[in-house]
Amino acid sequence: MRLLQLLLFIFLILAVSVCGCTAPSPAPAQTPPATVVPTTFSGSGDWKFVVFADSPDPAGNTTTGVNPVLITISKAIAKEKPDLAIYMGDLVNGWELTKASPMEGNYTGQFENWMEYVAPIHNYTDGTGIPIYVIRGNHEDGPNQTIAPLLDAYLATAAAGMPVNGPPGEEKLTYSFTHNGAKFLLNDNYIAHNGKKETVNQSWVYEQLTQETRPFIFVFGHSPAYAVVNDTEEDDYAIDVHSQERDIFWKSMVDNNVSAYFCGHAHLYVRGESKGVQQVVSGNAGAHAIPFDPANVDPALTLEYPNKTITKNDQRVGYVVITVHEETRTFDGVEKQLNPVTGEWETGDTFTIKAR
56 MRLLQLLLFI FLILAVSVCG CTAPSPAPAQ TPPATVVPTT FSGSGDWKFV
106 VFADSPDPAG NTTTGVNPVL ITISKAIAKE KPDLAIYMGD LVNGWELTKA
156 SPMEGNYTGQ FENWMEYVAP IHNYTDGTGI PIYVIRGNHE DGPNQTIAPL
206 LDAYLATAAA GMPVNGPPGE EKLTYSFTHN GAKFLLNDNY IAHNGKKETV
256 NQSWVYEQLT QETRPFIFVF GHSPAYAVVN DTEEDDYAID VHSQERDIFW
306 KSMVDNNVSA YFCGHAHLYV RGESKGVQQV VSGNAGAHAI PFDPANVDPA
356 LTLEYPNKTI TKNDQRVGYV VITVHEETRT FDGVEKQLNP VTGEWETGDT
406 FTIKAR
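When we follow the working numbering, the leftmost residue of the sequence shown carries the number 56, and every step to the right adds one.
The following block contains the structure:
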């Protein structure tokens, strides 16, 4: 009996050796799935975005359709390290060129030059860098009616990657997006609404504003809602030419707690307030400079900066940095100006606004 047990034991040992079986190893620890953290409407932390506009080349014989100073501006913006940048129209000279310029009618070439000049911010070739959101200005539209090849070139180049969630027929032109605790509404001012250009799609604006619960709502257009200069060449392309529609637009922002309205068109920096909503004009990215006189500001706008006359020769190119403070529900604005003598960037206007 013992011999039989011994033989059975030896057989089992040999069987294990032959098959190479061993005791199973403990299962490797499983990595828990990544926790998906939903975007909150009012999170914590600070973040930045930059606004700028209007960079057509003042030179009538321009070989690019864009003021080369935009390269300097773009390098400075990239150093700010914002989460995103918003360009509020008049990227290029567009239709406002004569045969004195080899770029007359070469709309695609003008937009490609603009994209090259802002490459320090966003590289359009490989899609890297800081996102840039763009809207059209009157230079991307036409003197009276929209120039179809100009619009087509814009949509195929600088606006190719823009959101398509706007109203029908305005895809990549009018649109919205969210970032952290903020909603951004970008409006095209040159699609005709009810037969009128220099307007916004008011029904779409209502829909966007009334359904939003985020604490920060920023609205953008090319044109100021309230005039800040007397510029006979550009006045006809501003949304205040239709004052009734402008008033409805502004009231919709007042009634729905919009934090600020940003625009360009006037080639300078001016900030004012009407009924609790800020209007920030930042149209000094290289277009021909114009003088500023506080007497020319629409009386409906309470002027906050600058509070003095500025000659054409004393105007400076620049941009605006907005820092959003989610915890305190405030945002700060800093206007950056390029000193043409020293080549250094200096601070102009500064302001702090509480989310409404």
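Heads up, the beta-carbon is just placed ideally off N, CA and C, and yes, glycines get one too.
By how many angstroms is the C-alpha of residue j removed from the C-alpha of residue i?
i, j, result
"Pro186", "Asp196", "23 Å"
"Asp290", "Asp310", "27 Å"
"Asp353", "Thr180", "42 Å"
"Tyr324", "Leu358", "12 Å"
"Ala342", "Glu225", "26 Å"
"Lys391", "Arg301", "29 Å"
"Gly149", "Val173", "17 Å"
"Lys103", "Glu135", "8 Å"
"Asn168", "Ala214", "14 Å"
"Asn256", "Ile246", "8 Å"
"Lys409", "Ile294", "27 Å"
"Leu393", "Phe166", "24 Å"
"Glu151", "Tyr162", "11 Å"
"Cys318", "Ala140", "13 Å"
"Asp286", "Thr364", "15 Å"
"Asn312", "Asn220", "22 Å"
"Val147", "Lys330", "33 Å"
"Pro88", "Asn235", "In this prediction, Pro88 has a pLDDT of 30, which is less than 50 and means its spatial position is unreliable; what the coordinates show is noted afterwards. When rounded, the distance between both Cα atoms is 23 Å."
"Gly160", "Val124", "22 Å"
Can you tell me which of the options puts its alpha carbon nearest to the alpha carbon of residue i?
i, options, result
"Ala155", "Glu135, Pro137, Lys130 and Thr118", "Thr118"
"Tyr142", "Asp243, Asp112 and Glu159", "Asp243"
"Glu267", "Ile294, Asn249, Val284 and Lys238", "Lys238"
"Thr127", "Ala340, Val313 and His248", "Ala340"
"Lys251", "His297, Phe273, Gly221 and Met170", "His297"
"Val335", "Asn351, Lys134, Gln299 and Val389", "Val389"
"Val332", "Leu356, Arg191 and Gly160", "Leu356"
"Gly403", "Asp348, Asn368, His380 and Asn362", "Asn362"
"Ser314", "His320, Gly327 and His322", "Gly327"
"Glu288", "Trp259, Val106 and Asn193", "Asn193"
"Phe386", "Val260, Phe273 and Ala131", "Phe273"
"Phe275", "His177, Arg191, Thr364 and Pro113", "Arg191"
"Leu240", "Val260, Pro222, Thr254 and Glu253", "Val260"
"Ala131", "Asn312, Ala344 and Pro175", "Pro175"
"Tyr360", "Gln299, Phe406, Gly236 and Pro204", "Phe406"
"Gln299", "Thr212, Thr233, Thr254 and Tyr292", "Thr254"
"Asn351", "Ala321, Val105 and His380", "Ala321"
"Val106", "Pro113, Asp112 and Ala133", "Ala133"
"Pro349", "Thr229, Pro222 and Val284", "Val284"
Since residue i and residue j should fall inside the 8 Å C-beta cutoff, what is the C-beta to C-beta distance between them, to a whole number of angstroms?
i, j, result
"Ser337", "Val375", "5 Å"
"Met158", "Val189", "Met158 to Val189, Cβ: 19 Å. No contact."
"Thr378", "Asp101", "6 Å"
"Ser110", "Val121", "6 Å"
"Pro346", "Lys367", "5 Å"
"Pro270", "Arg384", "5 Å"
Take the Cβ of residue i as the centre, count every other Cβ of all protein chains shown within 10 Å, and call the residue buried at 16 or more, exposed below.
i, result
"Asp4", "Outside the displayed range of the chain (56 to 411) lies residue 4, so it cannot be described from this structure."
"Gln200", "exposed"
"Thr183", "exposed"
"Gly32", "Since the displayed the chain opens at 56 and closes at 411, residue 32 lies outside it and no answer follows."
"Glu382", "exposed"
"Glu401", "exposed"
"Gly115", "exposed"
"Lys227", "buried"
"Gln370", "buried"
"Ser231", "buried"
"Ser278", "buried"
"Ala282", "buried"
"Ala203", "exposed"
"Ala211", "exposed"
"Thr233", "exposed"
"Thr153", "exposed"
- Flag this pair as touching only if the segment 262-277 and the segment 302-322 have three or more C-beta atom pairs under 8 Å; answer yes or no. yes
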